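Undergrad: The structure's right below; bear with me while I get my questions together.
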Amino acid sequence: MSEKMILTLAIIGGTGKLGPGLAMRWAGAGYRVVIGSRKAKKAQRIADELNEALGIETIVGLENAEAASLADICVLTVKASAHEAIVDQLKGVLDGKIVVDTT
Numbered sequence: 006m007s008e009k010m011i012l013t014l015a016i017i018g019g020t021g022k023l024g025p026g027l028a029m030r031w032a033g034a035g036y037r038v039v040i041g042s043r044k045a046k047k048a049q050r051i052a053d054e055l056n057e058a059l060g061i062e063t064i065v066g067l068e069n070a071e072a073a074s075l076a077d078i079c080v081l082t083v084k085a086s087a088h089e090a091i092v093d094q095l096k097g098v099l100d101g102k103i104v105v106d107t108t
C-alpha cells in the first residue's frame, strides 16, 4: 500500500469482542489503527497486546473521542443499545468522516 493510500481507522468501542480482531487484521494489512474505548488505559493495553502479537508498534489506544478525531474512517463496534450514547459523545468529531456500524 503506498504512503498516500494509507488510511487511519478508528475502532470505537474497540476493546470488546469484535474490535481487537478487526484491529489485528487491518493493522496487519498496513492500515493505521487507533483503538478507542471509554478508558484510554484499557484501549492502550489492548493495542499493546495486538502490537506484540503482530510484531509491530503501530496500533494505538486512546479514549473514543480522541481516536475518532485522528481517523479517516470510524468503525463503531459498540452494541446497538449504546449507539445513541456514543454518537452523542462524538458529536462534532464524526463530521465529515466515514462511519461504519458493525451491528
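Following the working numbering, the numbering of the sequence shown begins with 6 at its first residue and continues without gaps. Positions of the beta carbon are idealized from the N, C-alpha and C atoms, including for glycine. Bear in mind that the values here come from a model prediction, so they are computed numbers and not experimental data.
1) Can you give me the Cβ contacts of Thr107 inside the same chain, cut-off strictly under 7 Å, excluding the 5 residues immediately before and after it?
2) According to DSSP, is Gly24 helix, strand or coil?
3) In the DSSP assignment, what are the bridge partners of Arg37?
4) Tell me which residue opens and which closes the beta strand (DSSP E) that Ile78 is part of.
5) Run the CB neighbour count on Gly97, radius 10 Å, all protein chains shown included, and call it buried at 16 or more, exposed below.
6) Return the CA-CA distance between Glu71 and Gly41, expressed in angstroms with no decimal places.
7) Apart from the five residues just before and just after Ala15, which ones in its own chain have a Cβ nearer than 6 Å to its Cβ?
8) Can you check DSSP and say which residues form a bridge with Asp106?
9) Buried or exposed: Gly18, going by 16 or more other Cβ atoms within 10 Å of its Cβ?
10) Regarding Ala58 and the ligand COA, is the C-beta to nearest heavy atom distance less than 7 Å?
TA: If we stick to the structure as given:
1) Along the sequence shown, read from residue 1 onward, the residue named residue 107 stands at position 102. Cβ neighbours of Thr107 beyond the five flanking positions: Leu23, Val80, Leu81 and Thr82.
2) Counted from its first residue, the sequence shown places residue 24 at position 19. It is helical.
3) Within the sequence shown, numbered from 1, the residue matching residue 37 stands at position 32. In the DSSP output, where bridge partners are listed per residue, Arg37 has Thr13.
4) Start at 1 with the first residue of the sequence shown, and residue 78 comes out as number 73. Looking at the DSSP string, the run of the beta strand (DSSP E) that includes Ile78 is Ile78 to Leu81.
5) Reading the sequence shown from its first residue, position 92 is the one you call residue 97. Gly97 comes out exposed.
6) On the sequence shown, residue 71 is found 66 positions in, with the first residue counted as 1. On the sequence shown, residue 41 is found 36 positions in, with the first residue counted as 1. Distance between the alpha carbons of Glu71 and Gly41 is about 8 Å.
7) The residue you call residue 15 lines up with position 10 of the sequence shown. Within the same chain, Ala15 has close Cβ partners Val39, Gly41, Ala72, Ala73, Ala76 and Cys79.
8) The count along the sequence shown starts at 1 and reaches residue 106 at position 101. In the DSSP output, where bridge partners are listed per residue, Asp106 has Leu81.
9) On the sequence shown, residue 18 is found 13 positions in, with the first residue counted as 1. Burial call: buried.
10) No copy of the ligand COA appears in this structure; indeed no ligand is present at all.
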